[in-house]
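Visitor: As they're listed, the protein sequences go chains Z and C. Under the working numbering, the first sequence has 176 at position 166, and the numbering climbs by one with no breaks. Under the working numbering, the second sequence has 248 at position 122, and the numbering climbs by one with no breaks. All residues carry an ideal CB built from backbone N, CA and C; glycine is no exception. Note that the coordinates shown come from a computational prediction; the quantities given were computed from them, not determined experimentally. Next up is a structure, given as structure tokens.
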Amino acid sequence: MSSWEVKTIAQRAAEAMPESVLAGAGYVLLAVGFAAAFMALMGMALIYAERKVAAHFQCRLGPMRVGPHGIFQTVADTIKLLFKEDIVPSQSDKLLHLFAPYLSMMATLLALLVLPMSPVVQIADMNIGVLYVTAVTGFGVLGVLLAGWSSNNKWSLLGAMRAGAQIISYEVSATMALLVVVMFSGSMQLSKIVESQAEGWWIWRAPVIGLVSFVIFLIASLAEISRTPFDLPEGESELTAGFHTEYSGLRFAMFFLAEFINMFIVAGMAATLFLGGWMPFHIGGFDTFNSVMDLLPPGAWFSLKSGLVVFLIMWFRWTFPRLRVDQLMKLEWKILLPIGFVNLFAAAASVVFGWYFFPIR
Amino acid sequence: MVVSESNQVVAPPIQRGGFFSNLATGLKSLLKGMGITFHYFSRPSTVVTQQYPENRATLKMFDRYRMRLSLPHDENGFHKCTACTICEQACPNSSIRIVSRKGAVTNKTELDRFIWRMDSCTFCNACVVACPFSCLKMSGDFECSVYDKSLLVFNLTRYAGPTSTVLMKVTDPQERAKMWEPRDVYSGPVPLRGTAVPGGGRTLGAPEPVKASAPVAAPTPAPATAPAASATALAVEEEGGKK
Chain Z
11 MSSWEVKTIA QRAAEAMPES VLAGAGYVLL AVGFAAAFMA LMGMALIYAE
61 RKVAAHFQCR LGPMRVGPHG IFQTVADTIK LLFKEDIVPS QSDKLLHLFA
111 PYLSMMATLL ALLVLPMSPV VQIADMNIGV LYVTAVTGFG VLGVLLAGWS
161 SNNKWSLLGA MRAGAQIISY EVSATMALLV VVMFSGSMQL SKIVESQAEG
211 WWIWRAPVIG LVSFVIFLIA SLAEISRTPF DLPEGESELT AGFHTEYSGL
261 RFAMFFLAEF INMFIVAGMA ATLFLGGWMP FHIGGFDTFN SVMDLLPPGA
311 WFSLKSGLVV FLIMWFRWTF PRLRVDQLMK LEWKILLPIG FVNLFAAAAS
361 VVFGWYFFPI R
Chain C
127 MVVSESNQVV APPIQRGGFF SNLATGLKSL LKGMGITFHY FSRPSTVVTQ
177 QYPENRATLK MFDRYRMRLS LPHDENGFHK CTACTICEQA CPNSSIRIVS
227 RKGAVTNKTE LDRFIWRMDS CTFCNACVVA CPFSCLKMSG DFECSVYDKS
277 LLVFNLTRYA GPTSTVLMKV TDPQERAKMW EPRDVYSGPV PLRGTAVPGG
327 GRTLGAPEPV KASAPVAAPT PAPATAPAAS ATALAVEEEG GKK
């Protein structure tokens with residue numbers, strides 16, 4: 011079986027720095043440019059995909075006019091948003107109002123930094139990767155709360171309060187599901203977690219436990235990024251647009267972009283933790299099968315897996331109805347959390363006694 | 127709703143437990159919903175969107191679609207309208223005006239012009255329902271934009287004369303031709319009379335020119351503005367002016 015050598019852009023920069031400062035700075039610039047370009051392009055691609063997928067779920071065609079099958083529709087929309095007037099309400103808390111979208115965007119960007127997309131396409135790989143992702147995604151709620159508070163609008167504030175309650179509640183379950191994988195792979199470092207799945211992915215290697223924690227993680231993450239069926243903070247039928255009611259132009263675009271990149275990050279994290287990340291589909295011991303699977307490069311595997319999860323998230327959005335506020339809380343505290351706890355204990359037992367396929371120690 | 131013996135509505139008993147069965151039914155119904163949505167997602171044939179300007183040549187409107195009112199003419203070019211004015215009375219906003227005349231040969235009331243004002247029509251279908259001879263139809267022709275509102279006043283009949291039943295009883299074509307004379311879409315009480323339209327070409331939204339489907343039994347077509355008809359037309363025009 012071929013072994014993968016993980017080399018992040020941060021490592022390359024650190025190696026190049028002692029020899030020439032310019033080369034090190036070049037790697038830093040590369041990382042910055044990659045993150046920025048990735049966010050912009052992935053945002054546009056995801057918005058286009060969302061519109062097309064939504065249309066076909068509803069027996070429509072979606073954008074068809076701008077370019078072949080409307081592929082330049084989101085480009086046109088982005089240009090329009092860039093040129094729109096940025097309206098700041100006169101009674102708002104101006105400093106916070108201007109600052110909130112950046113905070114929301116920053117959370118997304120920071121989480122993107124550690125996502126291992128392939129052995130070489132990863133900006134930084136820290137030994138507390140999982141903890142770091144959990145921590146920085148918490149910034150998002152801060153941006154949402156600030157946006158809702160500073161807008162001085164009842165819809166915004168209600169949406170922000172809902173977002174706060176929802177994100178903080180569901181963070182517990184999401185972390186509980188993450189801990190299962192951390193226990194199994196014995197590391198918080200994302201590249202190590204990926205490499206621990208060289209014999210098989212955690213979703214099936216830990217029977218039932220992996221699947222349950224994958225489902226819990228998916229549900230809780232959907233609630234954290236406020237996707238339908240958990241879009242109460244925006245809830246357009248109840249709160250006009252929730253926390254970003256008073257935003258327009260570029261600042262609205264930032265919230266919008268952050269929302270879609272968050273969806274990608276959730277998909278990427280779910281793929282990394284439960285579906286093997288960039289690791290090809292391997293079954294321990296089946297060497298011929300594994301080498302056939304290795305023909306597809308790791309980057310393609312990662313794109314495939316995260317694309318699949320993104321499609322799943324969109325599928326949820328266009329099928330499920332929105333939850334009520336009390337149902338939302340009931341789902342978390344009375345259903346997901348007990349199941350998560352039991353699952354965590356079962357995972358601990360199965361790690362101790364080796365009740366899973368291809369034990370790693 | 128539970129009704130007790132004292133005939134008062136009481137709350138149903140609270141059922142505790144059932145955690146796993148609730149979970150199972152919930153997941154099952156969610157998966158069922160996802161199955162339904164995926165059915166539509168995976169079948170492009172279920173898409174109902176019409177790419178209108180592109181598929182203009184092949185677009186077929188639906189039976190229940192209501193747009194321009196039409197008075198269908200049969201293969202001989204004759205219609206079944208007896209000028210009974212029931213549609214005119216049924217029309218809630220007076221968008222229909224039946225102009226009748228005394229037939230020169232039959233000496234009975236027959237249709238001269240069927241004037242329909244699209245600009246005031248609400249496409250309520252009352253005229254089609256009311257017609258005792260089923261000779262009206264809402265057609266699917268929806269491209270009706272014009273630059274002048276007066277071009278939305280149409281004459282639906284292509285000839286002035288009796289119904290096809292009466293006409294087809296007369297076997298001799300020469301005799302039959304004496305019983306009717308042609309009318310076109312804009313002849314009669316229309317200010318522009320369908321002549322000059324800004325932009326030129328075929329009158330936008332107007333029905334096909336009369337020539338294309340003129341009655342086949344016409345050996346010598348009479349001029350469109352027949353002297354017999356112009357008096358009636360002028361009378362209608364004056365009446366319209368008073369409104």
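1. On a Cα-Cα basis, can you pick out the residue from C:290, C:285, C:182 and C:257 that is closest to residue 215 of chain C?
2. Considering residue 163 of chain C, what are the terminal residues of the alpha helix (DSSP H) in which it resides?
3. So, is the C-beta of residue 14 of chain Z closer than 9 Å to a C-beta in chain C?
4. Could you check where the beta strand (DSSP E) with residue 279 of chain C kicks off and where it finishes?
5. Nearest by alpha-carbon distance to residue 283 of chain Z: which of Z:216, Z:156 and Z:257 is it?
6. Between residue 357 of chain Z and the rest of its own chain, which residues show a CB-CB distance below 6 Å, the 5 nearest in sequence each way excluded?
7. Using 8 Å as the threshold, is the segment 160–172 of chain Z in touch with the segment 196–212 of chain Z, meaning 3 or more CB pairs across them?
8. Just curious, the alpha helix (DSSP H) that residue 318 of chain Z is in, first and last residue?
9. For residue 237 of chain C, which beta-bridge partners are listed by DSSP?
10. Residues of the segment 187–217 of chain C in Cβ contact with chain Z at a cutoff of 9 Å, in chain order, please.
11. Mind checking residue 132 of chain Z: buried by the 16 CB within 10 Å criterion, or exposed?
12. State yes or no: is the beta carbon of residue 299 of chain Z nearer than 9 Å to at least one beta carbon in chain C?
13. Could you pull out every residue in the same chain whose Cβ sits closer than 7 Å to the Cβ of residue 261 of chain Z, ignoring the five residues on either side in sequence?
14. Quick one: measure Cβ to Cβ for residue 227 of chain Z and residue 233 of chain Z, integer angstroms, because I've assumed they're closer than 8 Å.
15. Quickly, what does DSSP pair residue 263 of chain C with across the bridge? List them, please.
16. Determine the extent of the alpha helix (DSSP H) in which residue 79 of chain Z is found, giving its start and end residues.
17. Residue 172 of chain Z by DSSP, collapsed to three states: which one?
18. Mind listing which residues of the segment 324–343 of chain Z have their C-beta closer than 7 Å to chain C's C-betas, in chain order?
19. Let me see if you follow: with CB-CB separation under 9 Å, is residue 67 of chain Z close to chain C or not?
20. Please specify which runs of the alpha helix (DSSP H), each continuous and at least 4 residues long, are wholly inside the segment 138–196 of chain Z, giving them in chain order.
21. With DSSP collapsed to three states, give me the class of residue 331 of chain Z.
22. Can you say whether residue 353 of chain Z is buried or exposed, counting buried as having 16 or more other CB atoms within 10 angstroms of its CB?
23. Please classify residue 144 of chain Z as buried or exposed, where buried requires at least 16 other C-beta atoms within 10 Å of its C-beta.
24. Taking 9 Å as the CB-CB cut-off, is residue 149 of chain C touching chain Z?
25. Near residue 292 of chain Z, what residues of its chain come up, given a Cβ to Cβ distance below 7 Å and the 5 sequence neighbours on each side ignored?
26. For residue 301 of chain C, which residues from the same chain have a beta carbon less than 6 Å from its beta carbon, with the 5 sequence-adjacent residues on both sides left out?
27. Please classify residue 140 of chain C as buried or exposed, where buried requires at least 16 neighbouring CB atoms within 10 angstroms.
28. List the endpoints of the continuous alpha helix (DSSP H) containing residue 365 of chain Z.
29. Check the Cβ of residue 312 of chain C against every Cβ in chain Z and list those closer than 9 Å, keeping chain order.
30. How about residue 231 of chain Z and residue 212 of chain Z: are their beta carbons less than 9 Å apart?
31. Can you check which of these residues, Z:107, Z:82, Z:76 and Z:134, is closest to residue 16 of chain Z by C-alpha distance?
32. Distance cutoff 9 Å, beta carbons only. Does residue 140 of chain C sit that close to anything in chain Z?
33. Check the Cβ of residue 71 of chain Z against every Cβ in chain C and list those closer than 8 Å, keeping chain order.
34. Compare the C-alpha of residue 186 of chain C against each of C:274, C:269, C:169 and C:198 and name the closest.
35. Would you mind giving the Cβ-Cβ distance between residue 166 of chain C and residue 172 of chain C, rounded to the nearest angstrom? I have them listed as a contact below 8 Å.
36. Hey, how far is the Cα of residue 287 of chain Z from the Cα of residue 126 of chain Z?
Guide: Let's see:
1. Numbered from its first residue, the second sequence carries residue 215 of chain C at position 89. When only C-alpha atoms are compared, the closest one is C:257.
2. Against the second sequence, residue 163 of chain C aligns to sequence position 37. It spans 145–167 - the alpha helix (DSSP H) in which residue 163 of chain C sits, taken as one unbroken run.
3. For the purposes of this step, residue 14 of chain Z is taken as residue 4 along the first sequence, with counting starting at 1. Output row for residue 14 of chain Z: interface = no.
4. The residue you call residue 279 of chain C lines up with position 153 of the second sequence. Unbroken beta strand (DSSP E) run through residue 279 of chain C: 279–281.
5. Here the question's residue 283 of chain Z lines up with position 273 in the first sequence. Measuring from the Cα of residue 283 of chain Z, the nearest candidate turns out to be Z:216.
6. Taking the first sequence and counting its residues from 1, one reaches residue 357 of chain Z at position 347. Once the five neighbours on either side are set aside, the close Cβ partners of residue 357 of chain Z are 190, 193 and 219.
7. no
8. Position 308 of the first sequence, counted from the start, is the residue given in the question as residue 318 of chain Z. Residues 308–327.
9. Numbered from its first residue, the second sequence carries residue 237 of chain C at position 111. In the DSSP output, where bridge partners are listed per residue, residue 237 of chain C has C:226 and C:287.
10. none
11. Mapped onto the first sequence, residue 132 of chain Z falls at position 122. By the 10 Å Cβ count, residue 132 of chain Z comes out buried.
12. The sequence position of residue 299 of chain Z within the first sequence is 289, counting from 1. No, its Cβ sits nowhere closer than 9 Å to a Cβ of chain C.
13. As a position in the first sequence, residue 261 of chain Z is number 251, starting the count at 1. 96 and 111, listed in sequence order.
14. Counting from one through the first sequence, the residue named residue 227 of chain Z turns up at place 217. Counting from one through the first sequence, the residue named residue 233 of chain Z turns up at place 223. Incorrect: roughly 11 Å between the Cβ atoms, too far for contact.
15. Stepping through the second sequence from its first residue, residue 263 of chain C is reached at position 137. Partner(s): C:196.
16. Counting from one through the first sequence, the residue named residue 79 of chain Z turns up at place 69. From DSSP, residue 79 of chain Z is part of no alpha helix (DSSP H); its letter is neither H nor E.
17. Locating residue 172 of chain Z in the first sequence gives position 162, where the first residue counts as 1. The three-state reading of DSSP puts residue 172 of chain Z in helix, counting H, G and I together.
18. 325, 328, 329 and 330
19. As a working note, residue 67 of chain Z is residue 57 in the first sequence. So, interface residue.
20. 139–160 and 164–195
21. The residue labelled residue 331 of chain Z in the question sits at position 321 within the first sequence. Residue state, collapsed to three classes: coil.
22. Reading the first sequence from its first residue, position 343 is the one you call residue 353 of chain Z. Classification for residue 353 of chain Z: buried.
23. Within the first sequence, residue 144 of chain Z is the residue found at index 134, counting from 1. Buried is the call here.
24. Numbered from 1 along the second sequence, position 23 holds the residue referred to as residue 149 of chain C. Output row for residue 149 of chain C: interface = yes.
25. By one-based count along the first sequence, residue 292 of chain Z stands at place 282. Cβ neighbours of residue 292 of chain Z beyond the five flanking positions: 208, 209, 210, 300 and 303.
26. Looking up residue 301 of chain C in the second sequence gives position 175. If we look at residue 301 of chain C and ignore the five residues flanking it on each side, it has no Cβ neighbours.
27. In the second sequence, the residue the question calls residue 140 of chain C occupies position 14. Classification of residue 140 of chain C: exposed, given that the 10 Å Cβ count is below 16.
28. Residue 365 of chain Z sits at position 355 when you count from the first residue of the first sequence. From DSSP, residue 365 of chain Z is part of no alpha helix (DSSP H); its letter is neither H nor E.
29. Here residue 312 of chain C refers to the residue found at position 186 when the second sequence is read from its first residue. From the beta-carbon of residue 312 of chain C, no residue of chain Z is found nearer than 9 Å; the closest lies around 36 Å away.
30. If you number the first sequence from 1, residue 231 of chain Z lands on position 221. If you number the first sequence from 1, residue 212 of chain Z lands on position 202. No. Outside cutoff.
31. Working through the first sequence from its first residue, we reach residue 16 of chain Z at position 6. Considering only alpha carbons, the answer is Z:134.
32. The residue labelled residue 140 of chain C in the question sits at position 14 within the second sequence. No, because no Cβ of chain Z sits closer than 9 Å to the Cβ of residue 140 of chain C.
33. In the first sequence, counting from the first residue as 1, residue 71 of chain Z sits at position 61. 173, 175 and 177, listed in chain order.
34. For the purposes of this step, residue 186 of chain C is taken as the residue at position 60 of the second sequence. Here the closest residue by C-alpha is C:269.
35. As a working mapping, residue 166 of chain C is identified with position 40 in the second sequence. As a working mapping, residue 172 of chain C is identified with position 46 in the second sequence. Confirmed, about 5 Å.
36. Against the first sequence, residue 287 of chain Z aligns to sequence position 277. Against the first sequence, residue 126 of chain Z aligns to sequence position 116. Cα-Cα distance, rounded: 7 Å.
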